[in-house]
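S.K.: Residues 270 to 395, numbered by this note's numbering, are exactly what the sequence shown covers, in order.
Idealized CB from N, CA, C, for every residue including glycine.
Here's a structure for you.
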Amino acid sequence: MRWQHRARTVLDNTARAGMTINYSDLADAANVPPPHRIHAVTTLLEKLIRADHAAGRPLLASVAVSKVHGRPSDGFFQLCRDIGRYFGPDRGPQAELFHALELQRIHQAVRTRPEDAPDGRRRPDP
């Protein structure tokens with residue numbers, strides 16, 4: 270299994286658990302090979318953002334966050350702005366609210382709407 274598939278599975282499971290995961294832990298869990306492991310992870314996250322946005326789905330990549338800040342890196346917000354999904358600054362209350370709403374959307378989607386879940390499966394009700 271390629272690391273990209275493992276990373277996607279980790280992100281799916283993280284979303285299903287209603288949690289977030291930092292970039293380093295995601296790289297470890299997916300067994301991303303060196304060098305430039307975090308760069309490889311963020312490149313994959315950018316592809317996921319573009320695909321999810323194009324399909325009208327919540328952003329699975331929103332569950333991946335910086336260990337230091339507890340939110341996605343500035344690049345997350347910059348890309349979301351570039352694709353027309355977000356219209357605010359990279360940091361501050363507006364960015365925090367946007368991220369919180371995207372997290373809420375993905376966490377809700379994996380519980381209730383199979384068509385919005387990243388892998389199309391419905392999470393069983395607790």
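(1) Give the list of continuous alpha helix (DSSP H) stretches no shorter than 4 residues that lie fully inside the segment 336 to 385.
(2) Per DSSP, V334 forms a beta bridge with which residues?
(3) On a Cα-Cα basis, can you pick out the residue from C349, P362, F356, L295 that is closest to P327?
(4) Which residue from A299, N282, L280 puts its Cα closest to that of W272?
(5) Would you mind sorting A276 into buried or exposed? The rule is 16 or more other CB atoms within 10 Å of its CB.
(6) Whole angstroms are fine: how far does the CA of L314 sit from the CA of D343?
(7) For A284, name the three-state secondary structure that DSSP assigns.
(8) Going by beta carbon distance, what residues of the same chain come within less than 7 angstroms of L317, once the five residues before and after it are set aside?
M.R.: Let me lay it out:
(1) 343 to 351, 362 to 381
(2) N291
(3) C349
(4) With distances taken between Cα atoms, W272 lies closest to A299.
(5) Around the beta carbon of A276, a 10 Å sphere encloses 16 or more other beta carbons of the protein chains shown; the residue is thus reported as buried.
(6) 13 angstroms
(7) helix
(8) L329, A330
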